[in-house]
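**Q**
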Amino acid sequence: MTQFASKKLNDLIHALKMLPSIGPKSAQRIAFQLLQHEKDIAMHLSEKLKDAVEGLRSCNTCRMFADEETCIICQDENRDLKKICIVESPIDVVSMEKSNAYHGKYFILMGHLSPIDGIGPDEIGVPLLESLLAQGQFDEMIVATSMTVEGEATAHMLSVLARKYAISPTRLAFGLPVGSELEYIDQNTLSRAILGRNAIKEE
Amino acid sequence: MNRDIGFILHQRDFRDTSKILDCYTQSHGRFRGIARGIKSSKRLLKQNIQPFQPLIINWSQKGDLASIREIESDGLMISLSGKRLMAGFYINEIILKVVPEDESDPALFSLYKGTLYDLPEQNWVSKLRSFEISILDFLGYLPSLEYEYLNNTPIETSKTYEFLPSDGFRESLHKEDNKNYFNGDLIKRLSNLDLDSDPSLRLAKYIFDSVILSQSLSPSVNSRKVMRQLINLSKEF
Ligand SMILES: [Zn+2]
Numbered sequence: 001m002t003q004f005a006s007k008k009l010n011d012l013i014h015a016l017k018m019l020p021s022i023g024p025k026s027a028q029r030i031a032f033q034l035l036q037h038e039k040d041i042a043m044h045l046s047e048k049l050k051d052a053v054e055g056l057r058s059c060n061t062c063r064m065f066a067d068e069e070t071c072i073i074c075q076d077e078n079r080d081l082k083k084i085c086i087v088e089s090p091i092d093v094v095s096m097e098k099s100n101a102y103h104g105k106y107f108i109l110m111g112h113l114s115p116i117d118g119i120g121p122d123e124i125g126v127p128l129l130e131s132l133l134a135q136g137q138f139d140e141m142i143v144a145t146s147m148t149v150e151g152e153a154t155a156h157m158l159s160v161l162a163r164k165y166a167i168s169p170t171r172l173a174f175g176l177p178v179g180s181e182l183e184y185i186d187q188n189t190l191s192r193a194i195l196g197r198n199a200i201k202e203e
Numbered sequence: 001m002n003r004d005i006g007f008i009l010h011q012r013d014f015r016d017t018s019k020i021l022d023c024y025t026q027s028h029g030r031f032r033g034i035a036r037g038i039k040s041s042k043r044l045l046k047q048n049i050q051p052f053q054p055l056i057i058n059w060s061q062k063g064d065l066a067s068i069r070e071i072e073s074d075g076l077m078i079s080l081s082g083k084r085l086m087a088g089f090y091i092n093e094i095i096l097k098v099v100p101e102d103e104s105d106p107a108l109f110s111l112y113k114g115t116l117y118d119l120p121e122q123n124w125v126s127k128l129r130s131f132e133i134s135i136l137d138f139l140g141y142l143p144s145l146e147y148e149y150l151n152n153t154p155i156e157t158s159k160t161y162e163f164l165p166s167d168g169f170r171e172s173l174h175k176e177d178n179k180n181y182f183n184g185d186l187i188k189r190l191s192n193l194d195l196d197s198d199p200s201l202r203l204a205k206y207i208f209d210s211v212i213l214s215q216s217l218s219p220s221v222n223s224r225k226v227m228r229q230l231i232n233l234s235k236e237f
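Here's what the structure looks like:
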């Protein structure tokens, strides 16, 4: 990397480069832009970043980011309290919310089973989830883990857990992307989509 | 540039847009490589970078870490779920931990591949045990299943034997009701990989576990530990 006259500047560029999808070129450009023209924004950003890192905690109930002991979603009594959706990471909650098709509760695993790495149920918060399920309020568990083999293993383990508490386990469907054409769909996706086909509803 | 058919045993993310892949191929054995730019590359599609998916892998080798250039699907993914999927992870971990890197053995590869394709079948547990025994044999750690280790006397169907992990079988005169004592008939059937009964499955598992332990080949097989956690979880009801 190009070294500049100032150590502080070099350190900033180096720190920016750590961010996802920011390469050395972008890091350089952002650093110069902030320091030269946008000092206010830079100061504001550094304060917000510090506040978030220091002040955020994880929700006692669902493990989503929260300002208090429980997160906003868990405090919301207007949600469907009989449904719980299990996701791998906090960002997945954001995606589920954007879908506008789900209004229940969440639980965040912070990962997925990875047997070869020794990551089992205990490592992904299953004991906490189990205590939540044991309270008996849920009738459906929607498993929204990744469509990978690890996600599949995790989903299976969760389905066993759900049945133990008489909760019906469901999993997001393996389907075709909206707007896609069959010709361009890979064979595994198509094969799962055929197996998981749905009845066409009458009007 | 190398090109070979194979499977991915394990993968992990590396930085934002790369993955480190442990690959196992027919003619080049096991190797570790880096797949760069998986978010944008059409040659490295995410749906192909999955264990249990038959692949054609293209890579170049410079130094320790291979550069994986292209991964093509070579057929439908082997469809596994539940315990069979856990068994699949377990088989992958065994290859990952006990097969030396860059040592090619097409017979071992075909055993691996065959076992994966057997997992969806009815008799998958026997196939899994038979895979374990064959792995010991491949590594040269399988004690003789035909002769006693002390005096090379052939094992007889009517006698009872004791198993010592680093040596093999030895006739036992006191027929104790102990899990370490096995009847000769069972041992002979195991030597033909005939694993159709519960006692033979138990013997096979016992041999594998005790040899692996005694040779400290792989002191902790993680996927087995996780499998045990899962079994406990489902046993509770
Ligand atoms: Zn919450």
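Residue numbers (our numbering), protein chains in the order written: chain E, 1 to 203; chain P, 1 to 237.
For each residue, glycine too, the CB sits at the ideal point set by N, CA and C.
1. Which term fits P:Tyr112, buried or exposed, when burial requires 16 or more other beta carbons within 10 angstroms of its beta carbon?
2. Take P:Ser130 and list the residues in its own chain whose beta-carbon comes closer than 6 Å to its own, dropping the five residues that flank it on each side.
3. In this structure, does DSSP put E:Asp76 in helix, strand or coil?
4. By DSSP, does E:Val87 sit in helix, in strand, or in coil?
5. For ligand 1, any of its heavy atoms closer than 6 Å to the Cβ of E:Cys85?
6. On a CA-only basis, which of E:Leu109, E:Cys71, E:Glu97 is nearest E:Ser89? Give me that one, please.
7. Taking the beta carbon of P:Tyr90 as the centre, do at least 16 other beta carbons fall within 10 Å, making it buried, or is it exposed?
8. If you run the structure through DSSP and keep just helix, strand and coil, what is P:Asp64?
9. Is the closest heavy atom of ligand 1 to the C-beta of E:Met64 under 6 Å?
10. So which residues on chain E does P:Asn92 lean against when the C-beta distance must stay under 8 Å?
11. Give the single residue among E:Gly55, E:Val160, E:Ile142 whose Cα lies nearest to the Cα of E:Asp67.
12. By the three-class DSSP mapping on this structure, what secondary structure does E:Arg192 have?
13. For P:Glu146, list the residues DSSP reports as bridge partners.
14. Which whole-angstrom value describes the C-beta separation of P:Glu156 and P:Phe169, a residue pair presumed to lie in contact below a C-beta threshold of 8 Å?
15. Any idea which residues DSSP pairs P:Gly247 with across the strands?
16. So E:Leu129 and E:Phe107 are in contact, right, with Cβ under 8 Å, and what is the actual spacing, rounded?
17. In the DSSP assignment, the alpha helix (DSSP H) including P:Arg3 goes from what residue to what residue?
18. Check the Cβ-Cβ distances between P:Phe237 and every residue of chain E, and say whether any is below 7 Å.
19. Determine the direct distance from the alpha carbon of P:Pro143 to that of P:Ser166, and round the result to whole angstroms.
20. Since P:Pro51 meets chain E, which of its residues come closer than 8 Å, beta carbon to beta carbon?
21. How should E:Ala162 be labelled, buried or exposed, when 16 other C-beta atoms within 10 angstroms of its C-beta is the threshold for buried?
22. Taking the continuous beta strand (DSSP E) assigned at E:Val143, which residues delimit it?
23. State yes or no: is the C-beta of E:Cys71 nearer than 6 Å to some heavy atom of ligand 1?
24. With a cut-off of 7 Å, does the C-beta of E:Ala166 fall near any C-beta of chain P?
25. How about E:Ser180: is its C-beta nearer than 7 Å to some C-beta of chain P?
26. Among P:Leu45, P:Lys39, P:Asn58, P:Lys42, which one has its Cα closest to the Cα of P:Gly33?
27. Which term fits P:Gly114, buried or exposed, when burial requires 16 or more other beta carbons within 10 angstroms of its beta carbon?
28. Per the contact definition of three or more C-beta pairs closer than 8 Å, is the stretch 27-47 of chain P in contact with the stretch 4-19 of chain P?
29. Any beta carbon of chain E sitting closer than 7 Å to that of P:Met1?
30. Hey, quick one: how far does the beta strand (DSSP E) through P:Leu164 stretch, first residue to last?
31. Could you work out which residues of chain E lie near P:Asp209, taking near to mean beta carbons separated by less than 7 Å?
32. Relative to ligand 1, is the shortest distance from any of its heavy atoms to the C-beta of E:Thr148 smaller than 6 Å?
33. Let me know if P:Glu236 comes out buried or exposed under the rule of 16 or more other beta-carbons within 10 Å of its beta-carbon.
34. DSSP on E:Gly104, reduced to helix/strand/coil?
35. For E:Met18, count the other beta carbons within 10 Å of its own beta carbon; 16 or more makes it buried, fewer makes it exposed. Which is it?
36. As a quick exercise: from E:Ser46, E:Ala5, E:His37, E:Glu38, pick the residue whose alpha carbon is nearest that of E:Ala15.
**A** Once the coordinates are examined:
1. buried
2. Leu193, Leu195
3. coil
4. strand
5. no
6. E:Leu109
7. buried
8. coil
9. yes
10. Ile116
11. E:Gly55
12. helix
13. The secondary-structure analysis by DSSP pairs P:Glu146 with nothing; it has no beta-bridge partner.
14. Not really, about 11 Å apart at Cβ, beyond 8 Å.
15. Residue 247 of chain P falls outside the range modelled here, since chain P spans only 1 to 237, and no answer is possible.
16. 5 Å
17. Element bounds for P:Arg3: not the alpha helix (DSSP H) but the beta strand (DSSP E), 2-14.
18. With a pLDDT of 38 at P:Phe237, under the threshold of 50, the modelled position of this residue cannot be trusted; read the value that follows with caution. So, interface residue.
19. 8 Å
20. Val149
21. buried
22. 140-143
23. Answer for E:Cys71: yes, Cβ within range of ligand 1.
24. no
25. No, its Cβ sits nowhere closer than 7 Å to a Cβ of chain P.
26. P:Asn58
27. With fewer than 16 other Cβ atoms within 10 Å, it is exposed.
28. yes
29. no
30. 160-164
31. Going along chain E, no residue has its Cβ under 7 Å from P:Asp209, so there is no contact; the nearest lies around 17 Å.
32. E:Thr148: no, Cβ never under 6 Å from ligand 1.
33. Any reading at P:Glu236 must be qualified, since the residue scores a pLDDT of 46, below 50, and its modelled position is unreliable; the value itself is stated next. Result: exposed.
34. Shown here, E:Gly104 sits in a strand according to DSSP, grouped into three states.
35. exposed
36. E:Ser46
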